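Counting in our numbering, the sequence shown tops out at residue 1139, every number present.
Reading through the structure tokens given below for one structure.
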Amino acid sequence: MDQYGIIGNPLSHSFSPAYFNERFAREGIHSEYSAFPLDSISMLPGLIAAHPSLRGLNVTIPYKTAVIPYLEGLSASAAAIDAVNCIKLAEGKLYGFNTDYTGFSESLKPLLQPNITDALVLGTGGSSKAVCYALEQLGLRYRLVSASGKGDYSYNELSEDILKAHLLIVNTTPVGMSPHTTECPDIPYHFLGERHVLYDLVYNPEETLFLQKGRLQEARTKNGYEMLLLQADQSWRIWHDEQALINVLR
């Protein structure tokens, strides 16, 4: 029986095992999808050796970039983003892809209007890289906001002028994810209005405090659930497409 799974830490919140196992059952495919929490990415080779039937993996926080040295090759988008959330195993070798950016891009498009030209991206991790790549492909400018000093702005630098100039705000951090539902990114929500769009990659809870505060300011809001479904569907296609490795950069 072919095996698939997800690596990351923590994984208790992951929807992937239920989603893929239900799909396997629905389509009559004799395969299994499991959660593989890793305390360190250095445990990956041992995981692969212990599960010779593995055919594909998803990658989540905090290993989307750290996993790259363990891969034989990358798709062009994964190389450009410098982050991987999907791995295909073929002949004992691992190949990395990024399906986050297409999932985000396709789910964002219905919210875009001509007045939305600039975005604030909260966070600088692997998911942020995919979001920024998608924004570039959509022709949108962006600025990074980070508590670590890695971004263009720190949270305490965000002013009314900055928020008025950036009508799209995307949270790529896990802040507000269940069970920490009383937390939210520290932005000045009172400067938001009906022209703003707030997008949260978090999907559990359905409405994070970040989105709730935006909605109360009459901003349009969206969580990451549709993005999750879209990126999962693309992972499925990569795992089951014999041609998926043709354009991998080795």
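Ideal Cβ positions, reconstructed from N, Cα and C, are used throughout, including at glycine.
None of the values given here were measured: they were computed from a predicted structure.
- With a cutoff of 8 angstroms on beta-carbon distance, alanine 955 and asparagine 987 are scored as not near each other.
- Taking threonine 1070 as the centre and dropping the five residues before and after it, the same chain places the C-beta of Pro1094, Thr1097, Leu1098 closer than 8 angstroms to its C-beta, in chain order.
- With fewer than 16 other Cβ atoms inside 10 Å of its own Cβ, lysine 998 counts as exposed.
- For the pair of segments examined, the stretch 1051-1071 was found to touch the stretch 1003-1011: the number of CB pairs separated by less than 8 angstroms reaches three.
- Closest in C-alpha terms to tyrosine 984, from the list Thr991, Gly945, Ala1019, Ser1016, comes Gly945.
- By the neighbour-count criterion, in which a residue is buried when 16 or more other Cβ atoms sit within 10 angstroms of its Cβ, aspartate 989 is buried.
- Proximity to isoleucine 950 across Gly981, Arg1104, Leu1090 peaks at Leu1090, based on C-alpha coordinates.
- Contact annotation: phenylalanine 993 and valine 1020 have beta-carbon atoms nearer than 8 angstroms.
- Using a Cβ-Cβ distance cut-off of 8 angstroms, the stretch 1069-1085 and the stretch 1101-1119 are in contact, since at least three pairs of beta carbons, one from each stretch, lie closer than that value.
- The C-alpha of leucine 1027 lies about 10 angstroms from the C-alpha of leucine 1001.
- Within 10 angstroms of the beta-carbon of glycine 1015 lie 16 or more other beta-carbons, which makes it buried.
- Between lysine 977 and tryptophan 1128, the CB-CB gap stays under 8 angstroms.
- Of the candidates Pro1068, Val1137, Pro1074, the residue whose Cα lies closest to the Cα of proline 899 is Pro1068.
- Histidine 1055 counts as buried, since at least 16 other C-beta atoms from the protein chains shown sit within 10 angstroms of its C-beta.
- Contact check between the stretch 907-914 and the stretch 956-966: fewer than three CB pairs, one atom from each, fall below 8 angstroms, which does not count as touching.
- Taking alanine 979 as reference, the option from Gly1113, Cys1073, Asp891 with the minimal CA-CA separation is Asp891.
- Going by DSSP, phenylalanine 925 is part of no alpha helix (DSSP H) but of the beta strand (DSSP E) stretching over 920-926.
- Secondary-structure assignment with DSSP links glutamine 892 through a beta bridge to Glu921, Leu943.
- In the three-state scheme derived from DSSP, where H, G and I count as helix and E and B as strand, leucine 1029 is classed as coil.
- Within the model, the alpha-carbon separation for tyrosine 1042 versus aspartate 1122 is close to 34 angstroms.
- Taking each of Gly1038, Leu1024, Tyr952 in turn and checking the Cα distance to serine 931, the smallest one comes out for Tyr952.
- Ranked by Cα distance from leucine 1087, the options Pro1063, Met1066, Glu1072, Gly1113 are led by Gly1113.
- Annotated three-state conformation of asparagine 910 is helix, per DSSP.
- The beta carbon of methionine 1116 sits closer than 6 angstroms to those of Gly992, Phe993, Ser996, all from its chain and outside the five residues before and after it, given in chain order.
- Take the alpha-carbon of valine 948 and the one of leucine 1047: they are about 32 angstroms apart.
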